[in-house]
Amino acid sequence: MSMKSRQFTTGIIGTIVTAICCFTPLLVVSFGLLGVSVWLGWIDIVLLPLLGFFLALTVHSLLAKKKKNEPAVALRSTLTCPECGKRSTEIMPTDACQFFYDCRHCGAVLKALPGDCCVYCSYGDIPCPPIQIAQKEGALTSCHNCSTSC
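Each residue of the sequence shown is one higher than the one before, counting from 58 in the numbering used here.
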């Protein structure tokens, strides 16, 4: 947990504790000074559920923020050359497919296998970014049933 996240969480918890301790007496005194406390005796019945609702909303937003910080797609893939069997880790392009790759070890030119959109889908341990996104959305399970190329 980073320092900023820890401070944010501590601030939220402190605010909630302060609100529970100090808000009700302040509200009672204010209503008493205004002379409306007789008609507002039921206010705790409304405020306590609202406090629970906003506490749950805060927890939900914190959890959603954690999920949002997860990377959308992996950009590094390790290609395994079918000629020499050596591996190379490469950064995949996000805006286009890579149809050919020159092996760093033996110089063999790798090209995408039939049915695959790029060399990362054919020889990589992780498929290309467009395929990863489609898989996360449930649109397809592999590149072999991809109707269009990247």
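Beta carbons: idealized from backbone N, C-alpha and C, even for Gly.
Residue i, buried or exposed, once every other Cβ within 10 Å from all chains shown has been counted against 16
i: C163; result: exposed
i: P187; result: buried
i: L167; result: buried
i: A169; result: buried
i: P184; result: buried
i: C178; result: buried
i: C160; result: buried
i: C237; result: Because the chain in this structure spans residues 58 to 207, residue 237 falls outside the shown range and cannot be described.
Alpha-carbon spacing of residue i relative to residue j, whole angstroms
i: T72; j: T135; result: 48 Å
i: I190; j: D152; result: 13 Å
i: L91; j: L83; result: 12 Å
i: Y180; j: P139; result: 8 Å
i: M149; j: G172; result: 19 Å
i: V130; j: K143; result: 25 Å
i: T66; j: T81; result: 23 Å
i: V103; j: F110; result: 11 Å
i: F88; j: W99; result: 12 Å
i: L105; j: S62; result: 27 Å
Chain D within 8 Å of residue i, Cβ atoms only
i: L112; result: Chain labels in this structure do not include chain D; a single protein chain is all it has.
Per DSSP, cross-strand counterpart(s) of residue i
i: S145; result: L136
i: K168; result: F157
i: G181; result: L136
Whole-number beta carbon distance between residue j and residue i, since they are thought to touch under 8 Å
i: V176; j: Q155; result: 6 Å
i: T146; j: R133; result: 6 Å
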